[in-house]
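Single-structure report; data block below.
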């Protein structure tokens, strides 16, 4: 009886596997027609590629290793995958049909870029998601900082519920792709979309493939998988891209085929249509909009700690990239406009009232629109395992946590911070005290092992801000003095940093008292504190062992750790040389050093500088050659403060080798460069001997200037 009842229930329901195979036939047929027309109109030698990517047609390239660059190469690719379509209505054949549908969709989308340079320029849709966005969010996706990926497609029968669903995903920090009518419905509902909100409106129909090729590029870029290594690529995506599909409204055969492509990548589909046959853990019916996201999280084993924060705005990592321009701002603090600072300070138990968030001074409703207020943010922490060394590490989290608030914007740190609250946030009822509520909730949830009690004081009274600023500066000075007293000789442990290995697998950063991490954000004390907070984290101690070469900065322990963490690809590293076995570079570096043989010296270009340099390359071009975990003698990525370190390439001649820097960067380090030059006996005028772009951007342009100024590099031993 039970079997008969099941058969009656299935009668009239769509077989998803059969629909996917039929959809693949339709999709490939449509791709063939479009391809034939394109070949007739443009010819087989016409170049074909998505814009601003190094992966040609990513799904085709990653899956089969086919580096397609011309139209005439596409028919054979399509035919290769068409052979996988068979009238066998089981899950495995349905997934292969889905794979073929994704290939067809990628071809159809690529042809649009042959016909028009910017096919979506005048629309709200994005189409292809470029590599810049991939670099910005792909890293966080594969290391689970972004906990997962959701694809919403179709048409919602309840647009308000759709908006709630997207807002829920944003608050969780889930990267969300929208396709089909849901894009227009979300716009009508006033949902904030765009890269800065983790919500990407792809477009209609075949544009959904851009969610698929984003996942593919993540595997190639950050997983280090080889193009065409079919099983390895798919395994990486299934393991590291924790995604799911929400299909709303009626779905046709092609859409179901696309959903089977997602299933092939480990992403289940949840639909609100009850007229389909479910496939366990692959294709699931859930008619309640309020339950669909939760079901997706459960299916992909995504665990998100939901923290109830008593503020009238959405709080989540999705808002971290938002900009609040002056026209959208209600009130701002700091930014050299008013006095402002932020301070995290370790306190005794009886000094901290847990949960107390206090505002001292006027609130947001006491200032006119577009106005300014001073602001002191004081975070007092008691914890049995809390240490003073953790203060700076935790203090920098203020930047991230403030930016999690929809309608909040934060820049800078210490007493050079800058915060804005938007008009929309104010209209929603957000107050200055809300900043404290967010900080309290996030600090307590993110660092439960070291924070037992936490209180927040927000000060907007000018006199009290000035008074407490002195306390903050004294604390900053104390931290800086401690760092200044440290040197590589005064410690017997360095730290590695492997935070960037998700996109540069061979890179190992060695952080020492005299050499900050390449990103500029991790000092030796920071790494030490990070290890104390998370002993299994990306900063691990390195026992130095035998000194192999003191001048070059080579230790047995650093070599062993680098070899281990690079998978044996880098076996030797000199911390004080860029010419012989230099430290690897990842891509997050603040600046790049490069030798200029004509001047027997080096140039340094910072990330902010967009112009040409004396080696004939811009920063971005250099980064493409130097980054990725490469060990490139004569070139090296660095943190800015390393430039004025006592150990700055001491084996190669030190600071005396610097012959060119961008003017703004040079001025930023002016006092420190002059001080180091004085210590090295180079004279106080050494700073003026360093050329910049106002002198020239080619070696032959700056050489006469260096000769005229008598730059010491010209008389030093040859670099090579």
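Numbering (my numbering), first residue to last: 29 to 748. Ideal placement from N, C-alpha and C gives every residue a C-beta, glycine not left out.
Item, Value
"Report yes if the C-beta distance between residue 366 and residue 402 is below 9 Å; otherwise report no.", "yes"
"Could you check if residue 364 is buried or exposed, using at least 16 other CB atoms within 10 Å of its CB as the buried criterion?", "exposed"
"Check residue 311 in the structure and name its three-state DSSP category.", "strand"
"Let me check understanding here. Comparing Cα to Cα, which of 640, 282 and 548 lies closest to residue 673?", "548"
"May I ask you to report which of helix, strand or coil DSSP gives residue 438?", "strand"
"Among the candidates 675, 49, 396 and 58, whose CA atom is the shortest distance from the CA of residue 121?", "49"
"Between the alpha carbons of residue 234 and residue 614, how many angstroms are there, rounded?", "35 Å"
"Using CA atoms only, rank isn't needed, just tell me which of 454, 416, 72 and 528 is closest to residue 359.", "454"
"Can you check DSSP and say which residues form a bridge with residue 537?", "525"
"So, using beta-carbon positions, are residue 261 and residue 349 closer together than 9 Å?", "no"
"Residue 601 and residue 622: beta carbons closer than 9 Å?", "no"
"Need the endpoints of the alpha helix (DSSP H) that residue 686 sits in, please.", "It is not in any alpha helix (DSSP H) - residue 686 instead sits in the beta strand (DSSP E) that spans 686-688."
"Can you tell me the Cα-Cα spacing of residue 318 and residue 274, whole angstroms?", "12 Å"
"Please state if the CB of residue 603 and the CB of residue 540 are separated by a distance shorter than 9 Å.", "yes"
"DSSP three-state call for residue 65: helix, strand or coil?", "helix"
"Can you tell me whether DSSP reads residue 146 as helix, strand or coil?", "coil"
"Quick one: complete beta strand (DSSP E) runs, 3+ long, within the segment 252-331?", "271-276, 297-299 and 311-313"
"Could you tell me the distance, in whole angstroms, from the CA atom of residue 543 to the CA atom of residue 670?", "6 Å"
"May I ask you to verify whether the segment 725-738 touches the segment 627-644, counting CB pairs closer than 8 Å and requiring at least 3?", "yes"
"On the premise that residue 255 lies in contact with residue 330, defined as a C-beta separation below 8 Å, what is that separation, rounded to the nearest angstrom?", "Between residue 255 and residue 330 the Cβ distance is about 28 Å, and since that is not below 8 Å, they are no contact."
"Cβ of residue 398 within 9 Å of Cβ of residue 354?", "yes"
"Return the chain-ordered list of same chain residues with a C-beta closer than 6 Å to the C-beta of residue 418, the five sequence neighbours on each side being excluded.", "557"
"Taking only three categories from DSSP, how would you classify residue 179?", "strand"
"Is the CB-CB distance between residue 467 and residue 409 below 9 Å?", "no"
"What is the residue span of the alpha helix (DSSP H) that residue 242 lies within?", "237-250"
"Can you list, in chain order, the residues of its chain with a C-beta nearer than 8 Å to that of residue 195? Leave out the 5 residues immediately preceding and following it.", "219 and 342"
"Could you name the residues that DSSP lists as bridge partners for residue 227?", "204 and 222"
"Could you spell out where the beta strand (DSSP E) holding residue 408 opens and where it closes?", "403-410"
"If you count every other CB in all the chains shown that lies within 10 Å of the CB of residue 748, and 16 or more means buried, which is it?", "exposed"
"Comparing C-alpha positions only, which one of 663, 546 and 79 sits nearest to residue 141?", "79"
"Does the segment 51-70 come close enough to the segment 296-305 to have 3 or more Cβ pairs within less than 8 Å?", "no"
"Between residue 554 and residue 424, what straight-line distance do the alpha-carbon atoms span, to the nearest angstrom?", "11 Å"
"With C-beta atoms as the reference, is residue 465 less than 9 Å away from residue 339?", "yes"
"Rank 372, 502, 239 and 708 by C-alpha distance to the C-alpha of residue 750 and give the top, closest one.", "This structure leaves residue 750 out entirely; the chain is present only between 29 and 748."
"So residue 95 and residue 89 are supposed to be a Cβ contact under 8 Å. How far apart are they, rounded?", "6 Å"
"Out of curiosity, what's the CA-to-CA distance linking residue 47 and residue 278?", "13 Å"
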